[in-house]
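Undergrad:
Residue numbers (our numbering): 8 to 76.
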């Protein structure tokens, strides 16, 4: 990190960057749709985009009509 590398990128090569993390989160359907639209769009950091797309898949399983949002 002292070499001008962002913390987010350095975590990929650090030992803890090789493990998966399980998160438990809650929110309204409206807030999830907003998050997915915001963080799933171009210009978002790759890692955030991957999380947003994974969230969209889970939301679509629970709320099939939300796919069209």
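Note that beta-carbon positions come from the ideal geometry of N, C-alpha and C, so glycine has one too.
Under three-state DSSP, which class holds residue 48?
TA: One-based indexing of the chain shown puts residue 48 at position 41. In this structure, residue 48 counts as coil in the three-state DSSP scheme.
Undergrad: At what residues does the alpha helix (DSSP H) containing residue 65 begin and finish?
TA: Taking the chain shown and counting its residues from 1, one reaches residue 65 at position 58. 53–69 is the span of the alpha helix (DSSP H), which, as asked, contains residue 65.
Undergrad: Quick check: does the Cβ of residue 11 come within less than 6 angstroms of any heavy atom belonging to the ligand ATP?
TA: Of the ligands one can find in the structure shown there are none, so the ligand ATP has no counterpart to examine.
Undergrad: What does a CB cutoff of less than 7 angstroms around residue 48 pick up in its chain, not counting 5 residues either side in sequence?
TA: As a first step, residue 48 is located in the chain shown; it is residue number 41 there, counting from the start. Correct list: empty, nothing qualifies.
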